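What follows is a set of notes on a single structure, which appears directly below.
Number of protein chains: 2
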Amino acid sequence: MTKIVMKFGGTSVESTEKITDVANRVKGEKENGHDIVVVVSAMGKATDELSKLAFELADSPSKREMDMLLSSGEQVTMALLSLKLNAIGVEAISLTGAQAGLITDSVHRNAKVMKMDPSKIDGLLAANKVVIVAGFQGISEAGEITTLGRGGSDTTAVAIAASIEAEICDIYTDVDGIYTSDPRYIESARKLEQLEYDEMLELANLGAGVLHPRAVEFAKNYKVPLRVRPSFKDGEGTILKEEVDVENNLVVRGVAFESDIVRLTIEYEIPFNGSLASIFTTLAANHINVDIIVQSIVEGVKPAVSFSIKKESLSEAITVLETHKQALGFTFADFEVGLSKVSIVGSGMVSNPGVAAQMFDRLRKENIPVKMVSTSEIKVSVVVPQQNMIEAANALHDEFELALTHQSV
Amino acid sequence: MTKIVMKFGGTSVESTEKITDVANRVKGEKENGHDIVVVVSAMGKATDELSKLAFELADSPSKREMDMLLSSGEQVTMALLSLKLNAIGVEAISLTGAQAGLITDSVHRNAKVMKMDPSKIDGLLAANKVVIVAGFQGISEAGEITTLGRGGSDTTAVAIAASIEAEICDIYTDVDGIYTSDPRYIESARKLEQLEYDEMLELANLGAGVLHPRAVEFAKNYKVPLRVRPSFKDGEGTILKEEVDVENNLVVRGVAFESDIVRLTIEYEIPFNGSLASIFTTLAANHINVDIIVQSIVEGVKPAVSFSIKKESLSEAITVLETHKQALGFTFADFEVGLSKVSIVGSGMVSNPGVAAQMFDRLRKENIPVKMVSTSEIKVSVVVPQQNMIEAANALHDEFELALTHQSV
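Chains A and B, in that order, give the protein sequences.
Residue 1 is where the first sequence starts when you use full-length UniProt numbering, and the numbers rise one by one after that.
Residue 1 is where the second sequence starts when you use full-length UniProt numbering, and the numbers rise one by one after that.
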């Protein structure tokens, strides 16, 4: 029998009707002859509602007690799904994270998986039961209930899939799969059949929460094939794996974009009595996420460094820089709002040096000014004016022929 | 430090406002210098709402999964209370039944406490923490989550009190304590200061769910002083113990009554080719609860046996009797509806043989016909017409001077 893990998020189990649909879907897979582990999140808005109660009682509720509180949410879903499966003739049993053997460190609200002991689940699968496990939660060595933080249920599913050596870990969502770009804005965006883990990590914001990066990293480390599939319709979704099939090995696989970017620029004298590192260390210490950094040293002009942050961090970044400019030894020069970031992603770039040039050339032809550039082995990002963002994304989607279905990626 | 257990039921924790009130009450007791364990039920109607979801999904939901489902309810309450206590400066920690060490048998939905290991709680009390434990739930030796059935949170509180050798187990409720009779009907009913466990068991229906008989039996077996107290006002409530103080040792301590009683009569020939035992065995096998049984053998009249049941069981009882009358060898004779049961309770009766006579005498003076009689060591019950029930209860309450405050019982 092939072992598979099926993970359903909160919106897929938000009502008894939807839980019934999930039960029927699980029954179908069981009848296909698979050994099945189902991982579930809390129903719909249950976690938010529990959090709301907590914050009515305490401004900064104990993290340990928040884990105790929130972990009750998945317990409800898994019991309901299990009793529905049993009612329709599928032998099922639900397990808390602790019962399933998911051991974490003891960092409440953001615990890391330390160990996943598959013996309990394997024993139940051998007894022909569908095993339903609470996502998001585990237990520390000290016996404390913990939760895994954002995207935790995806991580649970991947950890279980790795431990029982499942053939595939299916993440059911309300989207059809991962697209070449955001179909809400890029009309010709096309669903990908396959994608590499690293590409998924770079494209994370394309899927807008479809899959949490931590789960993707976990899948990558343990080489668990992950599939993103639609919960309530047919469709093969998108498979994530180490390397996509050779015939699909295109250079660029997706175009991502992000609005509300701000560029900050600071100037300094040479010799610089501070250090660039200390500037960014100070920003990080104040939880300001810096994305692209560009340093320019041009003859006859003061040396400067520019970096991009999200607009929501702007006022705090300025405060931090002003507060520390004496100590750090620089002059705060300028900032530019109304920017956006557009990226092309594809693991084939590393062996195709002309890709960045092709990107800049196309943007030049479209008369879109490029304010900053950043490259990695599988990604090239440019910062462009926000009013050009969708135009740039469409142009690049076209330039790298992502819409063509004969390139079945 | 004196150890005390404080138990709060669902209505006492039904909202964040009430949880705040409970937290303040716990804080007060902590400041009085006690070591405190708090046992909580699920919030208000939470258990009912979870059950409703389950029955939307399955006609007869798996008992194991119902336990998994329902046990999430207390987990919410205990976490909320704990984070509130921490927020108001009282170090607190919540524990599931399993974490607290409450081991049960494996009868899901109606588990019995097998063992309560106090080591975890004692360790936390020693570290000066208020320990909050989920009522109603435990864990079997096999690691399965179980629930204790009706009144389960009371039983949890008593089991913990016994294991940590608490000075007292306070059951907080929405009533002031246990009364000599139901104050909604008997105007002169008076709150009792003390009551014996056995009397409480007999008076159970006086308190209408104030305290579950199983918890009272548990307290009796382990000699745990139990106190029923009002949640949201001052008042010493009623203390239950092995023996009440000598100065309070009245003969009769309470008058209980119950409406909607039916009397069934069956006749048989002598020699009886069946047996009376087999009639009642058959009724019990069909879950029909028989209360009072009276057999009459009078010269020249067919022998008969009468017994009382609740009105809601009447149609089923008649069906069962008709179905089995051939096999059991009797004639179904008669039934009488519109009856009620009135009882006097008091542990002093055993050494005061005149009590029953005094009761009958008073009822005769009031012209209230007595249809059936049943006596135990600490109780005398009579079946009277329903229209005389309150009149009878008032008369007996008066007859045994239960309203008199100088008899501070």
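Virtual Cβ for every residue (Gly too), placed ideally from N, Cα, C.
Quick caveat, the model's predicted, so the values are computed rather than measured.
Query, Result
"Residue range of the alpha helix (DSSP H) that Q326/B falls in?", "314-328"
"Short check: CB of M349/B to CB of E391/B, under 9 Å?", "no"
"Report yes or no: is there a C-beta of chain D within less than 9 Å of the C-beta of R364/A?", "Of the protein chains in this structure, namely A and B, none is chain D."
"Can you give, in chain order, each stretch of the alpha helix (DSSP H) that sits fully within the segment 113-163 of chain A and has at least 4 residues?", "119-126, 152-163"
"Given this structure, state the Cα-to-Cα distance separating H212/B from T20/B, to the nearest angstrom.", "26 Å"
"I19/A by DSSP, collapsed to three states: which one?", "helix"
"Closer than 9 Å, Cβ to Cβ, to anything on chain A: give me those residues from the segment 354-386 of chain B, in chain order.", "none"
"Using a Cβ-Cβ cutoff of less than 7 Å, which residues in the same chain neighbour L283/B once the five nearest sequence positions on both sides are dropped?", "V290, A317, V320"
"Any chance you could list the beta strand (DSSP E) runs of at least 3 consecutive residues sitting entirely within the segment 196-244 of chain B, in chain order?", "226-230, 238-241"
"Might you give, ordered along the chain, the residues of its own chain that have their beta carbon closer than 7 Å to the beta carbon of F232/B, omitting 5 neighbours on each side?", "D21"
"Check whether the segment 31-46 of chain B touches the segment 114-133 of chain B, taking contact to mean three or more Cβ pairs, one atom from each stretch, closer than 8 Å.", "yes"
"DSSP state of D35/A, grouped into three classes?", "strand"
"Spell out the partners DSSP gives F332/A in its beta bridges.", "I266/A"
"Within 9 Å (strictly less), CB to CB, does P61/B reach chain A?", "yes"
"Check for me: the beta strand (DSSP E) holding L102/A runs from which residue to which?", "102-104"
"Does DSSP classify M1/A as helix, strand or coil?", "coil"
"For the putative contact between I171/A and A157/A, defined by C-beta atoms under 8 Å, what is the C-beta separation to the nearest angstrom?", "7 Å"
"Helix, strand or coil for I368/B? Go by DSSP, reduced to three states.", "coil"
"Beta-carbon separation of A142/B and S106/B under 9 Å?", "yes"
"Taking just the CA atoms, how far does K120/A sit from E193/B?", "52 Å"
"Grouping DSSP H, G and I as helix and E and B as strand, with all else coil, what is G338/B?", "strand"
"Between L363/B and V383/B, is the Cβ-Cβ spacing less than 9 Å?", "no"
"Please return the same chain residues whose Cβ sits closer than 7 Å to the Cβ of Q358/B, not counting the five positions on each side in sequence.", "E399"
"Looking only at C-alpha atoms, which of I88/A, A42/A, R64/A, L95/A sits nearest to R64/B?", "L95/A"
"Starting from A142/A, find everything on chain B with Cβ-Cβ shorter than 8 Å and list it in chain order.", "Chain B residues near A142/A: none, gap ~10 Å exceeds 8 Å."
"Can you pull the chain B residues whose beta carbon is under 7 Å from the beta carbon of I19/A, in chain order?", "L57"
"Strictly below 8 Å CB to CB, what residues from chain B border M78/A?", "M68"
"Tell me the residue span of the beta strand (DSSP E) that contains V384/A.", "379-385"
"Distance check for M372/B and F8/B, CA to CA, integer angstroms please.", "39 Å"
"Once the 5 residues before and after H397/A are set aside, which same chain residues still bring their CB inside 8 Å of it?", "T180, S181, I186, S188, A189, V255, A403"
"Looking at N86/B: is its Cβ nearer than 9 Å to the Cβ of S259/A?", "no"
"Within 10 angstroms of its Cβ, does G207/B collect 16 or more other Cβ (buried), or is it exposed?", "Note on G207/B: pLDDT 48, under 50, position unreliable in the model; the coordinate value appears next. It is buried - the Cβ of G207/B has at least 16 other Cβ atoms within 10 Å."
"Just to confirm before moving on: does the CB-CB distance between T265/A and A204/A stay below 9 Å?", "no"
"Could you tell me the alpha carbon to alpha carbon distance between A356/A and S343/A, rounded to whole angstroms?", "10 Å"
"Under 9 Å, Cβ to Cβ, is there at least one residue of chain B near G207/A?", "Residue placement at G207/A is flagged as unreliable, the pLDDT there being 48, under the threshold of 50; a coordinate-derived value is accordingly withheld."
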